[in-house]
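**Student:** Residue numbers for the sequence shown, in my numbering: 5 to 311.
Questions regarding the structure given below will be posed in turn.
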Amino acid sequence: MDRIYDMVIIGGGPAGYTAALYATRAGFDTAVVERLSAGGQVALTGVIDNYPGFELGIDGFELGMKMQQGAERFGATTHYTEVLSVELSEKIKVVHTDSGVIKGKTLVIATGANPRELGLQREKELVGKGVHYCAHCDGRFYKDKTVVVIGGGNSAVSDALYLSNIAKKVILVHRRDTLTATKIYHDPLMKAQNVEFCWNSVVEQLVADQRVSGVVIRNVKDNTRTQIDCDGVFISIGRQPATAFLKDKLQLDNVGYIIADETTKTEIDGVFAAGDVRTKALRQIVTAVADGAVAVHYAEEYLNQSK
Numbered sequence: 005m006d007r008i009y010d011m012v013i014i015g016g017g018p019a020g021y022t023a024a025l026y027a028t029r030a031g032f033d034t035a036v037v038e039r040l041s042a043g044g045q046v047a048l049t050g051v052i053d054n055y056p057g058f059e060l061g062i063d064g065f066e067l068g069m070k071m072q073q074g075a076e077r078f079g080a081t082t083h084y085t086e087v088l089s090v091e092l093s094e095k096i097k098v099v100h101t102d103s104g105v106i107k108g109k110t111l112v113i114a115t116g117a118n119p120r121e122l123g124l125q126r127e128k129e130l131v132g133k134g135v136h137y138c139a140h141c142d143g144r145f146y147k148d149k150t151v152v153v154i155g156g157g158n159s160a161v162s163d164a165l166y167l168s169n170i171a172k173k174v175i176l177v178h179r180r181d182t183l184t185a186t187k188i189y190h191d192p193l194m195k196a197q198n199v200e201f202c203w204n205s206v207v208e209q210l211v212a213d214q215r216v217s218g219v220v221i222r223n224v225k226d227n228t229r230t231q232i233d234c235d236g237v238f239i240s241i242g243r244q245p246a247t248a249f250l251k252d253k254l255q256l257d258n259v260g261y262i263i264a265d266e267t268t269k270t271e272i273d274g275v276f277a278a279g280d281v282r283t284k285a286l287r288q289i290v291t292a293v294a295d296g297a298v299a300v301h302y303a304e305e306y307l308n309q310s311k
């Protein structure tokens, strides 16, 4: 393609389409490159209750579509294609996709992060039917019920603490005999009266008909197996940032997130990282949306300086 956009945005989630909205309203010729459909991970969430402005909640897929339509109303173009690699060293940034090349004067990377899966049989099938990856998104469905949280790091302990204020009982299953989470989380979790621990254990099976009714765990010390009845399972073993195509192109942290601060600037001029894909304290829709707006602010500053 000979066309050179003012801004190319990789990722059509909340960060990406917010950036597209702000960019097009600022008069920038803008392209969004999305692999599947609008919304990203948001589109997989049944009901979203923690995004302001929707007092009765909103379906995640619907929210993603509304964000896309808002950006396209002002002229954003969406390319449904897979990004294979990028070239960032020159002034014009080049995005190689499986359907051709897309060029831009600035580039916003908003590819997000995907939950790490356990790889259990029927895990994908039961997502939203008792299997969840976000306590803050879906915890409200388990008021006065029993839930299992899998993991022992910061995300698992944070989820368990959050759920302890909603659920009747929270059972934390961890393959070790101590938590790997930051020490500050330990005391409040240990003091929560409705939290139980299954140490040295892994979940081997989801018990379910149409939806989850329990899990089978195995003790890694003696290989004994036990079935635990529960209403829901929260898999909290971290997230995998979608940055494989950026290897050796941008500075990433040891997990794979793009190193960028609240300005969303990366170490390469004209390249920005917005939403869950960048290093940040909180990964939620509202913080992704904020990143999208911030990225355009600094992209506009960069474009003005480059004239």
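All residues carry an ideal CB built from backbone N, CA and C; glycine is no exception.
In the DSSP assignment, find the unbroken beta strand (DSSP E) run with valine 281 in it and report its ends.
**Tutor:** Per DSSP, valine 281 belongs to no beta strand (DSSP E) and is neither H nor E.
**Student:** In three-state terms, what does DSSP make of leucine 236?
**Tutor:** In the sequence as presented, leucine is not what sits at residue 236; that position holds glycine. Looking at glycine 236 - three-state DSSP - the assignment turns out to be strand.
**Student:** With a threshold of 8 Å, are at least 3 pairs of Cβ atoms found where one atom belongs to the segment 295-311 and the other to the segment 22-30?
**Tutor:** Touching, yes, given that three or more Cβ pairs across the two stretches are closer than 8 Å.
**Student:** At which residue ranges does the segment 37-92 contain complete alpha helix (DSSP H) runs of 4 or more residues, listed in the order of the chain?
**Tutor:** Counting whole runs of 4 or more residues, the segment 37-92 contains the alpha helix (DSSP H) stretches 64-77.
**Student:** Does alanine 35 come out as helix, strand or coil in the three-state DSSP assignment?
**Tutor:** Strand at alanine 35.
**Student:** Hey, could you find the ends of the beta strand (DSSP E) serine 205 is sitting in?
**Tutor:** Segment 205-212, the beta strand (DSSP E) holding serine 205.
**Student:** Could you spell out where the alpha helix (DSSP H) holding lysine 95 opens and where it closes?
**Tutor:** Unbroken run through lysine 95: none, as it is neither H nor E.
**Student:** Return the bridge partner residues of alanine 117 from the DSSP annotation.
**Tutor:** According to DSSP, which records beta bridges pairwise, alanine 117 is partnered with Pro245.
**Student:** With respect to the alpha helix (DSSP H) encompassing tyrosine 261, which residues constitute its N-terminal and C-terminal limits?
**Tutor:** Tyrosine 261 -> no alpha helix (DSSP H), and no H or E assigned at all.
**Student:** Cα-Cα, which of Ile232, Gln197, Asn198 is closest to serine 205?
**Tutor:** When only C-alpha atoms are compared, the closest one is Ile232.
**Student:** Should methionine 11 be labelled buried (16 or more other beta-carbon atoms within 10 Å of its own) or exposed?
**Tutor:** With 16 or more Cβ atoms within 10 Å of its Cβ, methionine 11 is classed as buried.
**Student:** What are the start and end residues of each continuous beta strand (DSSP E) run of 3 or more residues lying completely inside the segment 138-169, in chain order?
**Tutor:** You should have 150-154.
**Student:** Can you give the Cα-Cα distance for arginine 77 and leucine 286, rounded to whole angstroms?
**Tutor:** Each residue's alpha carbon lies about 30 Å from the other.
**Student:** Taking DSSP as the reference, what is the three-state secondary structure of arginine 222?
**Tutor:** In the structure shown, arginine 222 sits in a strand (DSSP, three-state: E or B).
**Student:** Measuring alpha carbon to alpha carbon, tell me which residue in Glu121, Lys147, Leu183, Ala139 is nearest phenylalanine 201.
**Tutor:** Cα-wise, what sits closest to phenylalanine 201 is Leu183.
**Student:** On the premise that glycine 116 lies in contact with valine 275, defined as a C-beta separation below 8 Å, what is that separation, rounded to the nearest angstrom?
**Tutor:** Going by Cβ atoms, the distance from valine 275 to glycine 116 rounds to 17 Å, so no, they are not a contact pair.
**Student:** State buried or exposed for histidine 178, treating a residue as buried only when at least 16 other CB atoms are found within 10 Å of its CB.
**Tutor:** Histidine 178 should be labelled buried.
**Student:** Rounded to whole angstroms, what is the Cα-Cα separation between isoleucine 106 and valine 51?
**Tutor:** In a straight line, the C-alpha of isoleucine 106 is about 34 Å away from that of valine 51.
**Student:** Quick check: glycine 156 and arginine 180, are their CB atoms within less than 8 Å of each other?
**Tutor:** Result yes, Cβ atoms of glycine 156 and arginine 180 sit closer than 8 Å.
**Student:** Could you check which residue in Gly74, Ser162, Gly31, Lys284 has the C-alpha nearest to that of glycine 43?
**Tutor:** For the residues Gly74, Ser162, Gly31, Lys284, the minimum Cα distance to glycine 43 belongs to Gly74.
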